[in-house]
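**Q** Throughout, my numbering is defined as the position within the sequence shown, counted from one, plus 1429.
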Amino acid sequence: MKKILLSAIMIAFGMCTYAQNSIKIPVGKNIPVTLTSEIYSNSRASQQVSATVSNDIKADDGTVVIRRGTPVNINAEIKKAKGVGKGASVRLDIISTTAVDGQTIYLQGLFQRHGDDRKGAALGVGLGTGLTVLCPVGLFFLCIKGEKVTIPEGTIITNVVTADAYSIAI
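#1: Taking the C-alpha atoms as reference points, what is the distance between Asp1530 and Gly1538?
#2: Would you check if the stretch 1466-1484 and the stretch 1517-1524 touch, i.e. whether three or more CB-CB distances between them fall below 8 angstroms?
#3: Within its chain, find whatever has a CB closer than 6 angstroms to the CB of Ala1505; leave out the 5 residues flanking it on each side and keep chain order.
#4: State the Cα-Cα distance for the pair Thr1527 and Ser1451, rounded to the nearest angstrom.
#5: Using DSSP with H/G/I as helix, E/B as strand and the rest coil, what is Thr1480?
#6: Candidates Lys1509, Ile1586, Gln1532 and Ser1466: which alpha carbon is nearest Ser1596's?
#7: Would DSSP call Asp1530 helix, strand or coil?
#8: Take Ile1586 as the anchor and find which of Lys1453, Ile1486, Asn1459 and Asp1489 has the nearest alpha-carbon.
#9: On a Cα-Cα basis, can you pick out the residue from Val1493, Thr1481 and Ala1510 that is closest to His1543?
#10: Considering only the beta carbon of each residue, do Gly1457 and Thr1481 sit closer than 7 angstroms?
#11: Quick test of your reading: Tyr1535 and Asp1593, contact by CB under 8 angstroms. State the CB separation rounded to the nearest angstrom.
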């Protein structure tokens, strides 16, 4: 009887120990992200967009589950400004980062910037001068491009959250 009781206590103690070595991150936990590279919409070379976690992310008990400076995976869609006044655009989809135990933490977040369109100016001046005064020369005004987009290094993206609940081994 003592062996059975002792075995039950050992199993219960083992379960309690396991529960204490794991910390939960809830769905929707805010993870601020800082861009560590500058983004130019009209760059000729393809750009590598890099970012890191801005602050230590802590569980409710104060234990760090994601360290500050941990790299963040980003999918960047960069479109250049085009003729007829179309502005540039930058779209950054925040994908994932890594917890202290090496587990991949999937994130949800979006950052967008759009350059101003100059379509009215390009069409107005281009067609106006092209059709009335200087037919071939006026049509060159249709090549007017929209505004470029530049996002500086150090920009903080605050609307990033965890996509799922995670159990982090400590």
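Positions of the beta carbon are idealized from the N, C-alpha and C atoms, including for glycine.
**A** On the basis of the data shown:
#1: 23 angstroms
#2: yes
#3: Val1478 and Leu1521
#4: 16 angstroms
#5: What sits at residue 1480 in the sequence shown is Ala, not Thr. Strand, per DSSP.
#6: Gln1532
#7: coil
#8: Asn1459
#9: Ala1510
#10: no
#11: 6 angstroms
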